[in-house]
Structure formats: C-alpha cells, structure tokens
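Here the structure is laid out as structure tokens; the discussion comes afterwards.
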Amino acid sequence: MVKNYDVVVIGAGPAGSTAAKLAAEAGYHTLLVDKARFPRHKTCASWINRLAFERFPDLEPHRAELVDSAFHGITFLDERLARQARWSERRPSGYLSLRSRFDNGLKDIAVSAGADFREGSGLAALSFENGGVTIRLENGDEFRGRTLIGADGAHSRVAYLSGLRRGWKANEYVLCANEDLPYSAEEIARRYSDRRPLLVALRFDGLVGYGWIFPKRDHLCVGLGGRLGPGERIQDPYRKFFHVCQERHLLPADLAPQKPYYDLDPAGAVNKGGPLVRGPVVLVGDAGGFVSGSTGEGIYPAMETALLAVELIDRGLRRGHLEEELARFQTLWRARLGGYLRDLPGGEHREQTVDRIGLIFRSRLVCGVAARAFLYGEPLTLATLARAVWS
Ligand SMILES: Cc1cc2nc3c(=O)[nH]c(=O)nc-3n(C[C@H](O)[C@H](O)[C@H](O)COP(=O)(O)OP(=O)(O)OC[C@H]3O[C@@H](n4cnc5c(N)ncnc54)[C@H](O)[C@@H]3O)c2cc1C
Numbered sequence: 056m057v058k059n060y061d062v063v064v065i066g067a068g069p070a071g072s073t074a075a076k077l078a079a080e081a082g083y084h085t086l087l088v089d090k091a092r093f094p095r096h097k098t099c100a101s102w103i104n105r106l107a108f109e110r111f112p113d114l115e116p117h118r119a120e121l122v123d124s125a126f127h128g129i130t131f132l133d134e135r136l137a138r139q140a141r142w143s144e145r146r147p148s149g150y151l152s153l154r155s156r157f158d159n160g161l162k163d164i165a166v167s168a169g170a171d172f173r174e175g176s177g178l179a180a181l182s183f184e185n186g187g188v189t190i191r192l193e194n195g196d197e198f199r200g201r202t203l204i205g206a207d208g209a210h211s212r213v214a215y216l217s218g219l220r221r222g223w224k225a226n227e228y229v230l231c232a233n234e235d236l237p238y239s240a241e242e243i244a245r246r247y248s249d250r251r252p253l254l255v256a257l258r259f260d261g262l263v264g265y266g267w268i269f270p271k272r273d274h275l276c277v278g279l280g281g282r283l284g285p286g287e288r289i290q291d292p293y294r295k296f297f298h299v300c301q302e303r304h305l306l307p308a309d310l311a312p313q314k315p316y317y318d319l320d321p322a323g324a325v326n327k328g329g330p331l332v333r334g335p336v337v338l339v340g341d342a343g344g345f346v347s348g349s350t351g352e353g354i355y356p357a358m359e360t361a362l363l364a365v366e367l368i369d370r371g372l373r374r375g376h377l378e379e380e381l382a383r384f385q386t387l388w389r390a391r392l393g394g395y396l397r398d399l400p401g402g403e404h405r406e407q408t409v410d411r412i413g414l415i416f417r418s419r420l421v422c423g424v425a426a427r428a429f430l431y432g433e434p435l436t437l438a439t440l441a442r443a444v445w446s
C-alpha cells in the first residue's frame with residue numbers, strides 16, 4: 056500500500072536532513088529517505104563554514120556532537136608549496152568534522168523534529184501523479200508526496216528520474232581525492248597549534264584547483280581537487296601532492312596515504328543554468344549543483360538551498376499554489392547564494408591566475424581579501440578589504 060506524506064525528501068545529507076527538519080517543524084508529515092545505512096561515509100574534507108551555525112542557530116546546542124574542532128583562518132601555499140601566507144582570526148572561522156558524524160547528527164535532529172526516516176534502500180522509480188509524486192524504493196516500498204525534494208547528492212537519481220538532468224557536462228564538476236588519516240591528537244595540536252588554520256595549496260603543480268591539509272582533532276585530512284582534461288586522473292597528482300607535503304614538512308614523515316576516496320564535486324554547476332524544478336519536484340544541495348565554483352564548498356550552500364525550498368513549499372501548500380511557488384526557486388536562489396557560489400574569474404588562464412595568486416604572498420592585505428573570499432564567499436571589493444583589515 057502507498058503511504059502518503061506532505062513532503063518526501065530523498066537523501067539525508069546536509070541538504071536533505073535540513074529540509075526534513077524544517078518541513079517537520081512547520082507541521083508537515085515528512086519522510087526522509089536514504090539509500091545508505093547511517094552513520095555512512097561521504098567523500099568530503101568536512102570543513103563546515105561558521106555561516107552554517109550562524110544561519111541555523113538551532114544547531115548551536117548540538118555543535119559538540121556535530122563537529123570535532125574549530126579552525127582559525129587559512130594558510131595559503133603556492134603551487135610548489137614553497138611560499139606560505141597566513142591569515143588568522145581570533146574567533147573560529149568554521150569547524151572540522153567527519154561527515155559520518157556530522158550527517159548522522161543532522162539526521163537525528165530531523166528525526167527528533169518529527170520526520171520519518173527510511174534508510175538502506177534507495178530511490179528506484181518516480182512518477183508524477185495527480186499533482187503529486189509517487190516513489191518506489193529498491194525494496195519495493197512505495198510512498199506518495201504532495202512535493203518531493205531531491206537532496207540525493209552529486210549523482211542524483213531524482214534529477215535523472217524526474218527528467219531534470221541526465222548527467223553533468225565536463226565543465227560542471229571537479230574531480231577530487233580525499234582521505235581522513237587517523238593521527239595522534241596531541242601531535243596534531245603540537246604541529247599545527249590549537250588555533251589551527253586550513254592549509255590550502257592554490258594551483259598545486261599547475262592544477263586548476265587546489266590541494267588541502269585540514270588538521271582535525273585526531274585525523275589529518277589530505278586531499279586534492281580540480282578541473283582535469285579528458286582522460287586525466289586525479290590519482291597521480293594526489294600522490295605527488297602528498298609526497299611534496301612531506302618533503303616540505305607540512306605532513307608528518309610517518310604518515311602514508313591509505314585508501315583515498317575519489318569523487319566528483321559539481322563546483323559552480325548551478326551557474327551553468329540547468330533546470331532545478333519540475334512541477335512539485337525541486338533539486339537542492341549537490342543534486343542541484345549548489346557548490347561554490349571557487350572553492351568546491353557545498354555543505355553550507357546545501358543547507359541554505361534546503362531552507363529556501365521549504366520556505367517556498369510552505370507558502371505554496373498553505374496557499375494552494377505549490378507549483379507556482381516552487382517555480383520561483385529557479386531564480387530566487389541567486390538572491391541568497393549567487394555571489395557565494397560564483398566562479399572566480401581567470402581560473403582557466405594559468406599565467407594570469409598564478410600572477411594574481413602571487414600577490415597573496417607579497418601583501419598581507421591581499422592575503423586577507425583572498426582568505427575572506429575563500430572562507431566566506433565574499434566578493435573582491437573594498438568592503439571585503441575593510442573586513443580583512445578589522446577581523
Ligand atoms: C573530496 C570532496 C571534498 C569536499 N570538501 C568539502 C568541505 O570541506 N566543505 C564543504 O562545505 N563541502 C565540501 N565538499 C562538498 C560537499 O561534500 C557537498 O557539497 C555536500 O555533501 C552536499 O550535501 P548534500 O546533502 O547535497 O549531498 P550529500 O551529502 O552527497 O548527501 C546525499 C545523500 O543522498 C543519498 N542518496 C544518493 N542517492 C540516493 C538514492 N538513489 N536514494 C536515496 N538516497 C540517495 C546518499 O546516500 C547521501 O546520504 C567536498 C566534496 C568532495 C567531493
């Protein structure tokens with residue numbers, strides 16, 4: 056028998072769990088579905104912008120369960136890891152976690168808010184019926200929603216089955232390697248300090264992207280991501296990055312790559328303008344390509360787009376104009392996140408970009424502006440310059 060809900064959410068990552076929590080709190084009978092059993096792995100460096108906690112203050116009491124350490128600012132490294140420029144902040148710039156932990160915590164919060172949670176069986180089929188959406192899971196269970204939120208990540212089945220998108224084009228994603236390597240908490244604190252920054256190697260070895268070391272509480276997260284040409288692999292540049300980091304004493308000599316995960320990140324994809332809404336179906340988070348074109352950051356944007364979708368659904372269901380309200384999502388996201396998710400200009404012109412990056416290592420002010428652009432998605436303007444001076 057088909058079970059009826061007001062709101063069905065596919066995917067219990069940051070986008071889906073945020074959407075399910077908000078919809079349940081607003082009084083809607085809400086179903087949250089994930090193909091994985093929780094806690095589950097997600098390939099991610101798991102830097103969570105402090106804007107996420109400022110925008111969703113209800114998360115603050117749960118912070119200790121969701122994240123493991125704060126970070127303060129950023130250290131930029133150049134493409135050979137030869138030069139460093141540090142920008143630090145007194146208060147936390149954001150938090151580091153393991154995604155298994157962060158996402159499990161957000162899912163629990165959604166369930167506490169009243170959402171039903173089904174795990175371990177993915178979306179298999181979707182059909183538009185009587186103004187709503189009927190879904191079938193791989194285990195055969197069927198549900199019907201008045202509306203459906205596709206929050207099932209970069210390889211979204213909702214996007215495919217609803218006819219919104221068949222796949223990403225080559226210029227709509229970056230390829231990444233990432234691993235969280237267990238390491239002594241005392242040694243991490245000694246080596247990177249208690250007020251540790253993110254370490255970011257812009258354009259490592261000429262890659263259109265960057266490498267990273269994120270010193271977490273008891274893990275060192277190492278990764279590399281960028282736009283690659285046809286047939287190019289991220290595996291080899293990643294191994295080289297790891298090796299050069301050790302040569303430059305940025306990583307401990309006794310650390311070795313274990314089992315890096317490889318995945319794509321739809322960085323800046325939403326800027327390319329594909330459809331995000333069809334009737335009662337909307338795509339949020341990675342499913343919609345809501346990832347910064349400059350940094351590949353997508354957790355905070357996933358949560359923000361979930362909030363926008365639920366606001367429109369709430370207004371639409373109350374007024375009886377769901378599809379008209381939801382259609383506004385296609386343009387309204389720009390007002391909230393358009394600047395944040397932009398692609399920084401010049402990425403594809405190597406010489407020009409490397410010259411510009413060189414300024415970060417020559418001027419503290421330029422370093423501050425670049426840091427704020429990276430960490431908070433701020434534009435390269437005088438206002439950002441002023442904030443870089445005062446923060
Ligand atoms: C290597 C790498 C590093 C990154 N580092 C960062 C970072 O440090 N900070 C940051 O902010 N962002 C980072 N990102 C981006 C970030 O991981 C994503 O933007 C974020 O996870 C998006 O959240 P989401 O909820 O939209 O999707 P996801 O977190 O991918 O969640 C989607 C959920 O949907 C479920 N699902 C998938 N298919 C189905 C199906 N058919 N049926 C049911 N459920 C399904 C999955 O199991 C999953 O739980 C990184 C990405 C990569 C690849």
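Residues 56 to 446, numbered by our numbering, are exactly what the sequence shown covers, in order.
By construction, the Cβ of each residue, glycine as well, lies at the ideal position given by its N, Cα and C atoms.
Same chain only: Cβ atoms within 7 Å of residue i, ignoring 5 sequence neighbours per side
i	result
Gly68	Lys97, Asp158, Ala206, Gly208, Gly340 and Ala357
Glu144	His127, Gly128 and Ser446
Pro315	Ala232, Asn233, Glu234 and Tyr293
His117	Gly160 and Ile164
Ala168	Lys76, Ala79 and Glu80
Lys295	Asp260
Ala303	Here residue 303 is Arg; the residue named in the question, Ala, does not match the sequence. Taken in chain order, the residues that qualify are Leu136.
Of the residues the options, the one placed nearest residue i, counting alpha carbons only
i	options	result
Ile243	Phe172, His274 and Leu257	His274
Leu136	Pro330, Ile268 and Arg374	Ile268
Val64	Ala342, Ser418 and Gly375	Ala342
Pro434	Gly393, Arg411, Arg201 and Arg417	Gly393
Pro270	Glu366, Ala75, Thr189 and Pro252	Pro252
His84	Asp61, Ala100 and Thr73	Asp61
Ala91	Ala119, Ser148 and Ser155	Ser155
Tyr355	Glu80, Leu114 and Leu203	Leu114
Leu151	Gly218, Lys162 and Val277	Val277
Trp102	Arg282, Leu377, Leu254 and Pro94	Leu254
Ile190	Pro335, Glu378 and Gly375	Pro335
Asp171	Gly200, Ala107 and Gly353	Gly200
Leu87	Ala74, Pro237, Pro94 and Gln301	Ala74
Val365	Asn59, Gly71 and Gly344	Gly71
Asp309	Arg146, Leu236 and Val188	Leu236
Phe93	Phe108, Gly66 and Ala100	Gly66
Asn185	Asn59, Glu359 and Leu414	Asn59
The beta strand (DSSP E) enclosing residue i, as first and last residue numbers
i	result
Val64	Lys58 to Ile65
Trp142	Gln139 to Trp142
Phe429	Counting along the chain, Phe429 falls outside any beta strand (DSSP E), though it belongs to the alpha helix (DSSP H) covering Arg419 to Tyr431.
Ala256	Leu253 to Leu257
Thr202	Glu197 to Gly205
Thr85	Thr85 to Asp89
Gly177	Gly177 -> no beta strand (DSSP E), and no H or E assigned at all.
Thr439	Thr439 -> not in any beta strand (DSSP E); alpha helix (DSSP H) instead, spanning Leu437 to Trp445.
Residue i: CB within 6 Å of a non-hydrogen atom of ligand 1
i	result
Val188	no
Asn194	no
Pro69	yes
Asp171	no
Glu352	yes
Asp320	yes
Val57	no
Cys276	no
Ile65	yes
Nonlocal neighbours in the same chain, by C-beta distance under 6 Å from residue i, ignoring five residues either side
i	result
Ser176	Leu192, Glu193 and Asn194
Arg212	Leu178
Leu132	Gln139 and Ala256
Tyr247	Pro270
Leu121	Phe157 and Gly160
Gly423	Trp142 and Ala443
Arg245	none
Glu380	Leu367, Arg370 and Gly371
Arg373	none
Gly29	Because the chain spans 56 through 446 in this model, residue 29 falls outside it and cannot be assessed.
Contact belief for residue i with residue j at Cβ below 8 Å, rounded distance in angstroms
i	j	result
Gly323	Val346	7 Å
Val57	Glu197	5 Å
Arg272	Ser124	4 Å
Arg397	Asn326	7 Å
Ser239	Leu181	That belief does not hold up - the Cβ atoms of Ser239 and Leu181 are roughly 47 Å apart, past 8 Å.
Leu377	Thr202	6 Å
Pro321	Glu227	6 Å
Glu352	Asn104	7 Å
Span of the alpha helix (DSSP H) around residue i
i	result
Gly71	Pro69 to Glu80
Gln290	Gln290 to Glu302
Asp163	Arg154 to Ser167
Ala125	Careful: Ala125 lies outside any alpha helix (DSSP H), inside the beta strand (DSSP E) at Ser124 to Phe126.
Tyr247	Ala240 to Tyr247
Own chain residues within Cβ distance below 8 Å of residue i, not counting five before or after
i	result
Ala428	Ser349, Leu399, Pro434, Leu435 and Thr439
Leu387	Leu363 and Leu367
Ile289	Leu230, Cys231, Ala232, Leu279, Gly280, Gly281, Leu283 and Tyr317
Gln313	Glu234 and Leu236
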